[in-house]
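Residue numbers (this note's numbering): -2 to 130.
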Amino acid sequence: MKRKDGFTLVELLAVIAILAILIIIALPNILRMFNNAKKNSFVTEARSIFKTAEQNYITSNGEEWCYSNNYSGCGDLNMTGRTNVYYYVEFDNSGGIDYIEVMDDNYYIELYGEGPVSVEEISAENIQERNLD
């Protein structure tokens, strides 16, 4: 009897089973990394809004005390980039940011306090996931 070159069905099934186990082990880590990357992108966008609002406030000599792309009566920062990001930034009398709210389809951050809000407070730890149900 002649032996044919190739793999047996048992060998192929064993390889498929090993690959399935590796995918099951790796998938949660890959999804966690993907979600962290999306969250970090949102943090970067929120910090950019914060800094642009500060620059525009200084440029306007404090005449515009709020900036928003979602509320009327406030100045618009005219930022390019993602179109689904909504923000509201309000300044206090001393020129510090008193309140900031930034949201997109997935994440939300709202910061305010006793004194001015700092850009360092905009971090992944302060971000909440939005439930649009």
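Each residue gets a CB set at the ideal place from its N, CA and C atoms; glycine is no exception. Computed from a predicted structure; not experimentally measured.
Please report how far the alpha carbon of residue i lies from the alpha carbon of residue j, in whole angstroms.
{"i": "valine 126", "j": "tyrosine 105", "result": "Before going on, a small fix: residue 126 reads as glutamate here, not valine. In a straight line, the C-alpha of glutamate 126 is about 6 Å away from that of tyrosine 105."}
{"i": "serine 45", "j": "valine 12", "result": "48 Å"}
{"i": "asparagine 26", "j": "leucine 19", "result": "12 Å"}
{"i": "glutamate 87", "j": "glutamate 60", "result": "12 Å"}
Using beta-carbon positions only, say whether residue i and residue j come within less than 7 Å of one another.
{"i": "phenylalanine 47", "j": "valine 116", "result": "yes"}
{"i": "leucine 108", "j": "valine 114", "result": "yes"}
{"i": "lysine 36", "j": "isoleucine 97", "result": "no"}
{"i": "tyrosine 83", "j": "leucine 74", "result": "no"}
How close, in whole Å, do the beta carbons of residue i and residue j come, if the pair is a contact with beta carbons under 8 Å?
{"i": "tyrosine 85", "j": "asparagine 58", "result": "With a Cβ gap of about 21 Å, tyrosine 85 and asparagine 58 do not count as contacting."}
{"i": "glycine 78", "j": "glutamate 42", "result": "7 Å"}
{"i": "isoleucine 94", "j": "alanine 50", "result": "7 Å"}
Spatial neighbours of residue i within its chain, please: C-beta separation below 7 Å, excluding the five flanking residues on both sides.
{"i": "phenylalanine 39", "result": "Asp101, Tyr104, Ile124"}
Could you pull out every residue in the same chain whose Cβ sits closer than 6 Å to the Cβ of residue i, ignoring the five residues on either side in sequence?
{"i": "aspartate 2", "result": "none"}
Leaving out five residues before and five after residue i in sequence, what residues of the same chain have Cβ atoms less than 8 Å from its Cβ?
{"i": "asparagine 53", "result": "Glu61, Tyr64, Gly72, Leu74"}
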